[in-house]
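J.: The structure under discussion is supplied below as structure tokens; questions concerning it will follow.
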Amino acid sequence: MTEPEPPSVAALSLADTATHPASKAHEQEINPWDVQAAVDEQGNVLAFDYEAISQKWNTKLIDDALLERFERVTGHKPHRWLRRRLFFSHRDLELILDTYERGEDFLLYTGRGPSSDSMHIGHTIPFEFTKWLQDVFDMPLVIMMTDDEKFLFKEKLKQPEVYQFARDNAKDIISIGFDVKKTFIYIDSEFFTSGYNRHFNLNSTEFEKLITNNQVRGAFGFHGSTNIGSNAFAAKQCVAAFASSYPFIWGQDCKTYNRSANLAAIPCIIPCAIDQDPYFRLVRENCLRMDQPSPKPALIHSKFLTALQGAGGKMSASNPNSAIFMSDTEKQVKNKINKHAFSGGQETLELHKELGGNPDIDVAYQYLTYFEDDDEKLTKFADEYRKGIMMTGDMKKECIAMMTGYVKRFQEARANVTDEVLEEFTRPRRLEWKGNQNPTKPKLEKADDKKLEVGGHKVAVGEDGKPLTKNQQKKLAKLAEIERKKKEKEASKQ
Ligand code: TRP
């Protein structure tokens with residue numbers, strides 16, 4: 001690809017809950033329940049160090065070579081959020097591309113913890129990206145709405161309240177344009193009592209048995225006084241990545257007791273913010289130990305979005321001026337950007353003309369990098385801003401036009417999402433997708449062991465994409481067990 005230098009996406013916390021005393025210096029904290037940027041001695045909140053987190057957690061950074069392969073394999077130019085590294089890291093994305101090249105199915109899986117009724121752009125962007133992946137790959141998608149999780153983790157929330165949030169948020173998510181034929185959205189409290197969840201349930205009970213208290217403590221920082229529902233929930237978010245949890249999607253019987261080994265063998269890819277990675281490390285470390293092993297789910301990780309206040313700000317449902325909400329009026333969007341978007345421009349017009357501005361910290365420019373697809377146009381804006389030819393007001397004007405358009409299109413779509421539409425998306429049913437119609441690689445050869453190869457899918461593949469033999473599988477399971485014991489030991493020392 002010969003493209004201009006991708007505009008950078010500066011990023012900051014969107015955690016609703018993070019609070020920290022500004023006076024105390026501390027390192028960045030990233031886990032599923034607490035996302036805080038680092039603070040220096042002077043109390044300045046610093047930008048997240050994404051390379052550091054990728055290194056610490058041993059994920060792979062998305063690079064140009066991978067994106068070139070993505071384009072070759074899918075025939076689609078990588079989404080601007082890939083080009084600009086808003087989605088910046090991954091695990092095993094190559095294996096998903098291999099699967100696609102062979103014309104085999106995989107499952108797309110993402111989710112949302114419904115902690116408030118108002119979604120903002122920080123919430124919609126991961127779903128926009130997931131929809132794009134669904135369009136590009138033409139694969140089935142499940143979206144998990146974890147009202148149970150939010151109830152368990154948020155002291156103040158009551159069950160009926162989170163359930164209502166889940167319904168409202170699901171309607172917002174539908175408005176992004178998912179294809180109902182290929183998408184199953186479920187609200188945990190509904191699905192887990194529907195009778196269609198038998199295999200999900202069996203998977204989660206089996207997975208719960210594989211994981212010890214020490215392991216979840218190590219992974220999530222749980223302690224003796226953490227409620228027991230939190231432990232159990234971790235297993236649910238994990239087994240939601242197993243295709244065998246949703247036999248109805250493939251038109252298979254979900255009322256029988258036996259789970260399907262061929263469904264268990266279907267790979268999965270999970271687009272999510274980087275803070276969700278600890279859940280999925282847990283599933284990656286233990287999925288091969290399941291009686292019907294599933295391959296390690298692939299991941300594609302996003303950064304956090306910049307709040308209107310820029311560095312140090314947080315997009316928060318409790319601060320309407322911190323973010324652009326999908327329910328904002330045109331006037332609100334305009335006012336928020338004009339009044340609250342942190343500017344990288346100079347104090348006065350004269351100074352700006354003389355010294356130029358800094359687009360990298362300019363929130364209006366950052367938001368344009370999220371939504372303006374034209375790389376050249378963005379580079380031109382950044383250039384002219386730096387040179388003091390483009391003023392802060394001009395940048396904000398561009399941003400307002402872009403954002404009001406986005407919010408308006410969303411609201412028009414949202415108006416059509418009735419209760420009936422929601423019912424259809426949340427109904428357990430067979431989905432319809434085409435996948436890759438022109439595979440360029442042969443399907444994998446059958447392994448000797450029937451358990452390894454069912455319905456054209458490999459239960460587990462090695463680094464080289466070749467199926468594992470029974471012995472290799474056993475070895476892997478053993479290694480996983482050793483690894484688990486080691487982790488357990490470490491965790492118990494903490
Ligand atoms: N735990 C996530 C949250 O609080 C919700 C979630 C469930 C999720 N499954 C997921 C997010 C898969 C990303 C991918 O928002």
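Residue numbers (the UniProt record's numbering): 1 to 494. Every residue gets a Cβ at the ideal spot worked out from N, C-alpha and C, and that includes glycine. Computed from a predicted structure; not experimentally measured.
Using the Cα positions of M395 and N201, report the straight-line distance between them to the nearest angstrom.
T.: Spanning the two alpha carbons is a distance of roughly 51 Å.
J.: For L12 and C254, I'd like the C-alpha separation in whole angstroms.
T.: With a pLDDT of 32 at L12, under the threshold of 50, the modelled position of this residue cannot be trusted; read the value that follows with caution. If you take the alpha carbons of L12 and C254, they lie about 43 Å apart.
J.: Using the Cβ count rule (16 or more neighbours within 10 Å means buried), how would you classify L305?
T.: Buried is the call here.
J.: Roughly how many angstroms separate the alpha carbons of S323 and I482, rounded to a whole number?
T.: According to the sequence provided, residue 323 is Ala. The question's Ser does not apply to it. For A323 and I482, the distance between alpha carbons rounds to 45 Å.
J.: I'd like to know whether the C-beta atoms of D138 and K434 end up nearer to each other than 7 Å.
T.: Contact: yes.
J.: Would you report the Cα separation of R85 and L157, rounded to the nearest angstrom?
T.: When rounded, the distance between both Cα atoms is 35 Å.
J.: Restricting to runs no shorter than 3 residues, where is the beta strand (DSSP E) found entirely within the stretch 18 to 74?
T.: Whole beta strand (DSSP E) segments, 3+ residues: 29 to 31 and 34 to 36.
J.: Touch check for the stretch 93 to 113 and the stretch 266 to 279: three-plus C-beta pairs under 8 Å?
T.: Output reads yes: the stretch 266 to 279 touches the stretch 93 to 113.
J.: What does a CB cutoff of less than 7 Å around L378 pick up in its chain, not counting 5 residues either side in sequence?
T.: Excluding residues within five positions, the ones whose Cβ falls inside 7 Å are P7, L368, T369 and E372.
J.: Could you give the residue range of the beta strand (DSSP E) that holds C287?
T.: Neither: C287 is in no beta strand (DSSP E) and is coded neither H nor E.
J.: Please go through the stretch 127 to 199 and give each complete beta strand (DSSP E) segment of 3 or more residues, from N-terminal end onward.
T.: List check, beta strand (DSSP E) in window: 141 to 145 and 183 to 187.
J.: Give a single yes or no on whether G122 has its beta carbon closer than 6 Å to a heavy atom of the ligand TRP.
T.: Flag unset: Cβ of G122 not near the ligand TRP.
J.: Have a look at S225 and R284 and give me their C-alpha separation to the nearest angstrom.
T.: Cα-Cα distance, rounded: 27 Å.
J.: K314 and F88 - do their beta-carbons sit closer together than 7 Å?
T.: No; because the gap between Cβ atoms is not below 7 Å, this pair is not in contact.
J.: Answer yes if the stretch 386 to 403 comes into contact with the stretch 354 to 364, meaning at least three C-beta pairs across the two stretches below 8 Å, and no otherwise.
T.: Segments in contact, yes.
J.: Let me make sure I understand the geometry here. Which of Q346, H340, L66 and V73 has the alpha-carbon closest to that of L82?
T.: Answer by Cα proximity: L66.
J.: What is the rounded straight-line gap between the Cα of R429 and the Cα of P160?
T.: Going from the Cα of R429 to the Cα of P160 covers about 26 Å.
J.: Which residues in the same chain have their Cβ closer than 7 Å to the Cβ of R198, if we skip the five residues on either side of it in sequence?
T.: Within the same chain, R198 has close Cβ partners C254 and K255.
J.: Would you kindly report the start and end of the unbroken beta strand (DSSP E) that includes S302?
T.: Here the beta strand (DSSP E) through S302 covers A298 to S302.
J.: Could you check if I270 belongs to the surroundings of the ligand ZN, using beta carbon to heavy atom distance under 6 Å?
T.: The ligand ZN is not part of the structure shown, which contains the ligand TRP as its ligands.
J.: Consult DSSP for K485 and reduce its assignment to one of helix, strand or coil.
T.: It is helical.
J.: Between which two residues does the alpha helix (DSSP H) harbouring F381 extend?
T.: Where F381 is concerned, the enclosing alpha helix (DSSP H) stretches over D375 to R386.
J.: Let me check understanding here. Comparing Cα to Cα, which of K131, T146 and T404 lies closest to S115?
T.: Cα-wise, what sits closest to S115 is T146.
J.: DSSP three-state call for G111: helix, strand or coil?
T.: Reduced to three states, the DSSP call for G111 is strand.
J.: Compute every distance between the C-beta of G139 and the non-hydrogen atoms of the ligand TRP, then say whether any falls below 6 Å.
T.: Residue identity check: residue 139 is Met in the sequence provided, not Gly. No - the ligand TRP has no heavy atom lying nearer than 6 Å to the Cβ of M139.
J.: Less than 8 Å between the CB atoms is what I'm expecting for M326 and T124, so what's the real figure, rounded?
T.: Contact holds; Cβ gap of about 6 Å.
J.: Is it the case that the Cβ atoms of F129 and I176 are separated by a distance below 7 Å?
T.: Not a contact, by the Cβ cut-off of 7 Å.
J.: Cβ of Q134 within 6 Å of any heavy atom in the ligand TRP?
T.: Checking every heavy atom of the ligand TRP against the Cβ of Q134, none is found closer than 6 Å.
J.: Taking contact to mean at least 3 C-beta pairs separated by less than 8 Å, is the stretch 240 to 260 in contact with the stretch 212 to 225?
T.: They do not touch, by the three-pair rule.
J.: Counting Cβ pairs closer than 8 Å, one from the stretch 210 to 220 and one from the stretch 184 to 194, do we hit at least three?
T.: Judged by Cβ distances under 8 Å, the stretch 210 to 220 makes no contact with the stretch 184 to 194, as fewer than three pairs qualify.
J.: Ignore the nearest five residues each way along the sequence and tell me which others in residue 495's own chain have a CB closer than 6 Å to its CB.
T.: Nothing about residue 495 can be reported from this structure: the residues present for the chain run from 1 to 494 only.
J.: Please state whether DSSP places P278 in a helix, a strand or coil.
T.: DSSP places P278 in helix when its eight states are reduced to three.
J.: Need the endpoints of the alpha helix (DSSP H) that I270 sits in, please.
T.: No alpha helix (DSSP H) contains I270, which is instead part of the beta strand (DSSP E) from C268 to A273.
J.: Flag this pair as yes or no: are the beta carbons of V239 and N262 separated by less than 7 Å?
T.: In this structure, N262 does not lie closer than 7 Å to V239 by Cβ.
J.: Rounded to whole angstroms, how far is the Cβ of T59 from the Cβ of R102, which I believe are closer than 8 Å?
T.: Contact flag wrong, Cβ pair sits at about 25 Å.
J.: Taking its Cβ as the centre, do 16 or more other Cβ atoms sit within 10 Å of I121, making it buried, or is it exposed?
T.: Its Cβ being crowded by 16 or more others within 10 Å, I121 is buried.
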